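Under our numbering, the final residue of the sequence shown carries the number 153; numbering is consecutive throughout.
Below is one structure, written out as structure tokens; comments come after it.
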Amino acid sequence: MELKDLYREIVNEHNLHPSHKGDMEQPSMILNGVNPSCGDDIYLQLKLDENDMVVDGMFNGSGCAISQASADMMLDVIIGKSKDEALKLAETFMGMVRSTADPSEFEALEEAAALESIAHMPARVKCATLGWKTMQRMLRDGESETPVSTENE
Numbered sequence: 001m002e003l004k005d006l007y008r009e010i011v012n013e014h015n016l017h018p019s020h021k022g023d024m025e026q027p028s029m030i031l032n033g034v035n036p037s038c039g040d041d042i043y044l045q046l047k048l049d050e051n052d053m054v055v056d057g058m059f060n061g062s063g064c065a066i067s068q069a070s071a072d073m074m075l076d077v078i079i080g081k082s083k084d085e086a087l088k089l090a091e092t093f094m095g096m097v098r099s100t101a102d103p104s105e106f107e108a109l110e111e112a113a114a115l116e117s118i119a120h121m122p123a124r125v126k127c128a129t130l131g132w133k134t135m136q137r138m139l140r141d142g143e144s145e146t147p148v149s150t151e152n153e
């Protein structure tokens, strides 16, 4: 099996059988992320503890396979991490899909590194980054329960 086939399989698995899709009881933060150029729309829900550790996360919404799989993989990676670690992982992911990050950092992204090839498909970068940008706004800017648009980014 070629590497690109393995990556495609990982994305399909996270899209068809997401571990983190659904509603969470009493999340600490909820934020709607929207990509108006293609219609991807997610509601990201995170639960943080008193030490700013991400203890749980879920998402809901609709969109293409890449946006849904990316949000699910993101939650796999950030649950159990501190707020600062989650934000650093988001920076690494953004750099990866824009071909500006050091490839030696991709291992920290776990299965989300399967989306590295998105860098060669500029129209799909917004899809892959929707969940990550929404998470950044929640954790970095403290936004919650406010619609987010990625249209101008």
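Built from N, CA and C at the ideal position, the CB exists for glycine as well.
This structure is a prediction, so every number in the text was calculated from the model and none was measured.
Contact between residue 75 and residue 96 is absent: CB atoms are separated by about 17 Å, not below the 8 Å threshold. Your pair residue 73 and residue 45 does not check out as a contact, with CB atoms roughly 16 Å apart and the cut at 8 Å. Under the three-state reduction of DSSP output, residue 29 falls in the strand class.
Here the C-alpha atom of residue 143 lies approximately 30 Å from the C-alpha atom of residue 12. For residue 58, the enclosing beta strand (DSSP E) has its first and last residue at 54 to 62. Residue nearest to residue 83 within the set 19, 115, 6, 56 is 56 (criterion: CA-CA distance). Residue 119 is a Cβ neighbour of residue 99, given a cutoff of 8 Å.
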